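Trainee: Quick one: this structure, given as structure tokens, is what I'll be asking you about.
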Amino acid sequence: MSSSYKIKPDPTSQSNYLEVTTKHVEFIWDVNFSNRIIEGSALHTMIVKAESVNEVIFDTGDLAIESAKVDEKTATFTLGEKHPVMGSSLRIALPSSAKKGSEIQVKINYKTDKDCVALQWLEKEQTQGNKFPYLFSQCQPIYARTLAPLQDTPSVKLTYSSKVTSVLPVLMSAIRVFPPSSGPAHDGKEIGKDKVTYAYNQPTSIPSYLIAIAAGNVRYKPFPQIKGKDWTCGIWAEPELIDAAYWEFSEDTGRYLAAEEDIVGPYKFGVYDLLVLPPSFPYGGMENACLSFLTPTLLAGDRALVDVVAHELTHSWFGNGVTNTDATHFWLNEGWTRYIERILLQTIHSPAHRGFSYVIGYKSLVDSLKQYETKPKYQRLVIDFEVGEDPDDAFSRVPYEKGSNFLLYLERILGGLDVFLPYVRDYVETFMGQSITTEMWKEHLYNYWTKHGGEEKIKILNSVDWNTWFYGEGLTLPVEMEYDTTLAREAYALADKWDASRNFNITSLEFKKTDLDGFDTNQIIVFLERLQSYPALPPAHLVHLGKLYGVAETTNAEIRYRFYEVALLDTSTPEAKVVAQEAAKWVTGNDGTGIVKGRMKLCRPVFRAINDADPTLARAAFEEFKLSFHPIARRYLVRRILALCSGRSSVITRMYREMNEQQRTTLLEI
């Protein structure tokens, strides 16, 4: 499909990818656990797209560049001044023979920095087994440039291959070539001592943020093969967790993927494996191609949180397959994924489950919109980022929930799900393997419904308030949405009873532990979130609720953090200080478990609530355990703690504002 829209350069990349573009990159890496670096080379096969191109420009972040070659000949290169967000541009001179349409090879030898933002190096004590160190990457949104010199923009989709030498088993976001996953761990060599070279190949084009590596003492268990499918799936985890992880995910992963194919079309990546990471992983999941990374907080022991996999595997079509060109159009990634994920829930469970997910999502949307009341630009669905603006500053539930609600709205006005799904499949088929903008999406939408609906459908589309959906700010959606609340009603009713009981002594309350019998995890979540919509309950009620239902001590992290949000609604009481201390111990792993809650969905709201109750405690807890958190989460928490804790001091706030960019960057990297 041709588009009349002219694509703008990615505002977070310094590369000249519109002139010369990477088609394939080959990595030769050595993982050095002692020095906490990866060293080796990246060999780019590139296509020249413009006339008179005299250099190729890559994005880098704190890389030590040792040499560069173009078509096997030594080339001159310069490393630009470091930008606090975009890093340093790497400029490599091209020969005059680089003509439009020609193919060139550019090889760069380099080392990562020991403080590489994309990598977290864990001591053995930070792992489940306490025997070997661990390494894993997180490149989204713009941190792949700290792992390798790349045109680090989702506008560029590339294939890659790799040979990685390590004393610990290596996993990558690609199909393993050697040694076989089904063979003995680490090719039968001694783990932690003997070096093994792992070979991988990713033949399906992906954006650079999906390049991923993990290295640690991990084992593999394949899931049952789905009849009639040529793709495989399985799970990786430390030996101490592999059986629990297999039980948690083996029943649903394959059938979810098969059901997704029925909805949107064939799975393109051949392998779909899961990796359960150590607890400092900053997200619930990361949709790395062929290998979704998962937080261990999903191991609830009852498969209650397995639906996170539905979200991550849906990215195989939306984000990994059809990709947004840059952060401005991020909703095309997450909004579409959330929308289709909920259709999958309807297919597997019931329409009520789809509606219930929207109910839960709407609460998180409102929370995010409130968070950005002082920065309303980030309340928009389509955000026009300035050059060099950090996309992580805008990370929230807005693109997920406003985006999925927008698509639900379009589905409803265009005739319902049965009418809308053929359009969805056409959208995927049209743009699979490409990077697109919101304008390109909208153009295809109009073209499709012109062919399959004529004037009637176009009239409906013309009635949409596009500007408000794309650029609207504020705390509400452009259209009031109604959801199926069947599964929420009992949770709402129980919360209402607690709200009505606030003026009674707890000795006269008639609540029972069995009140939650029949509730699944999501219903308990909705119960607690409903309580947050009321004025804070009296402290004695909160203590009673926490003990009666076990939510103050549950190992289910989704429930536990929401209880702390409820219990810390009123931070003025002495009891709130006690709860804040308990929350601080839990989120930092200082509760006897040693398991930090590194997932940002958990640590951000909990630290925010602790800070509201006791800023000194929040700062002290973070300072003591900050190295247990991933660099991405650590940088965010430093910003938030600085803004929230020190915000009470006008002197400190003024000092921060008066710092130059380098001083601020140094502070944020502490």
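UniProt numbering applies: residue 1 is where the sequence shown begins, and numbers increase by one.
We treat Cβ as the ideally placed atom computed from N, Cα and C, and that holds for glycine.
Computed from a predicted model, the values in this text were never measured in an experiment.
Note down the Cα distance separating residue 316 from residue 213, rounded to an integer number of angstroms.
Mentor: 18 Å
Trainee: Going straight from the alpha carbon of residue 86 to that of residue 156, what length do you get?
Mentor: A direct Cα-Cα distance of roughly 16 Å separates residue 86 from residue 156.
Trainee: Quick check: what's the CA-CA separation for residue 577 versus residue 367?
Mentor: 23 Å
Trainee: For residue 19, I'd like the list of residues in its chain whose CB is within less than 7 Å of its CB, leaving aside the five on either flank, ordered along the chain.
Mentor: 49, 50 and 53
Trainee: Could you name the residues of the same chain whose beta carbon sits closer than 7 Å to that of residue 102, not counting the 5 residues immediately before and after it, in chain order?
Mentor: 48
Trainee: Relative to the alpha-carbon of residue 534, which residue among 499, 338, 300 and 133 has its alpha-carbon at the smallest distance?
Mentor: Looking at the Cα atoms, 499 is the closest of the given residues.
Trainee: Flag this pair as yes or no: are the beta carbons of residue 131 and residue 41 separated by less than 9 Å?
Mentor: Residue 131 is not a Cβ neighbour of residue 41, given a cutoff of 9 Å.
Trainee: In angstroms, rounded to a whole number, what distance separates the CA positions of residue 161 and residue 26?
Mentor: 5 Å
Trainee: Please say whether residue 303 and residue 243 have beta carbons closer to each other than 9 Å?
Mentor: No, the Cβ-Cβ distance between residue 243 and residue 303 is not below 9 Å.
Trainee: Starting from residue 404 and walking both ways along the beta strand (DSSP E), at which residues does that stretch end?
Mentor: Unbroken run through residue 404 is the alpha helix (DSSP H), 398 to 413; no beta strand (DSSP E).
Trainee: Closest by CA to residue 274, which one among 265, 245 and 264?
Mentor: 245
Trainee: Going along the chain, which unbroken runs of the beta strand (DSSP E) with 3 or more residues stay wholly within the region 47 to 79?
Mentor: 55 to 60, 64 to 70 and 77 to 79
Trainee: Alpha carbon to alpha carbon, how far is residue 505 from residue 294? Give it in angstroms, no decimals.
Mentor: 43 Å
Trainee: Does the pairing of the region 485 to 500 with the region 366 to 380 give three or more beta-carbon distances under 8 Å?
Mentor: No: fewer than three Cβ pairs fall under 8 Å.
Trainee: Would you report the Cα separation of residue 16 and residue 57, rounded to the nearest angstrom?
Mentor: 5 Å
Trainee: Using 8 Å as the Cβ pair cut-off and three pairs as the minimum, do the region 250 to 269 and the region 215 to 227 touch?
Mentor: The region 250 to 269 vs the region 215 to 227: in contact.
Trainee: In whole angstroms, give me the CA-to-CA distance for residue 37 and residue 279.
Mentor: 21 Å
Trainee: Select from 89, 300 and 62 the residue whose C-alpha is nearest the C-alpha of residue 14.
Mentor: 89
Trainee: What are the complete beta strand (DSSP E) segments, minimum 3 residues, inside the region 174 to 244?
Mentor: 175 to 178, 196 to 207, 213 to 215, 219 to 222 and 232 to 237
Trainee: Grab me the residues of residue 674's own chain with a C-beta within less than 6 Å of its C-beta, minus the 5 sequence neighbours each way, in chain order.
Mentor: The chain is shown only over 1 to 670; residue 674 falls outside these bounds and no answer can be derived.
Trainee: Could you tell me which uninterrupted alpha helix (DSSP H) segments, each at least 4 residues in length, are contained entirely in the region 447 to 486, listed from first to last along the chain?
Mentor: 454 to 462 and 466 to 471
Trainee: Can you have a look at residue 572 and say buried or exposed, based on whether 16 or more other CB atoms are within 10 angstroms of its CB?
Mentor: exposed
Trainee: Give the single residue among 633, 632, 630 and 583 whose Cα lies nearest to the Cα of residue 621.
Mentor: 583
Trainee: Could you tell me the distance, in whole angstroms, from the CA atom of residue 281 to the CA atom of residue 459?
Mentor: 47 Å
Trainee: Going straight from the alpha carbon of residue 491 to that of residue 521, what length do you get?
Mentor: 11 Å
Trainee: Tell me the DSSP bridge mates of residue 109?
Mentor: 41 and 67
Trainee: Does the structure place the region 508 to 523 close enough to the region 412 to 428 that three or more beta carbon pairs sit under 8 Å?
Mentor: no
Trainee: With distances taken from CA atoms, which of 202, 408 and 9 is nearest residue 340?
Mentor: 408
Trainee: Let me know the secondary structure DSSP gives residue 675 once reduced to three states.
Mentor: Within the shown structure, residues of the chain are numbered from 1 to 670, placing residue 675 beyond reach of any answer.
Trainee: Determine, using beta carbons only, whether residue 596 and residue 625 come nearer to each other than 9 Å.
Mentor: yes
Trainee: State the start and end residues of the unbroken alpha helix (DSSP H) segment that holds residue 341.
Mentor: 331 to 348
Trainee: How many Å lie between residue 623 and residue 451 at the Cα?
Mentor: 60 Å
Trainee: Which whole-angstrom value is the C-beta distance of residue 258 and residue 229, which I expect to be below 8 Å?
Mentor: 6 Å
Trainee: Pop quiz: residue 91 and residue 55 are said to be a contact at Cβ under 8 Å. What is the actual Cβ separation, rounded to whole angstroms?
Mentor: 5 Å
Trainee: Thinking just about the alpha-carbon of each residue, which of 32, 333, 200 and 324 is nearest to the one in residue 313?
Mentor: 333
Trainee: Look at the Cβ atom of residue 21, then the Cβ atom of residue 326, and state whether they are nearer than 9 Å.
Mentor: no
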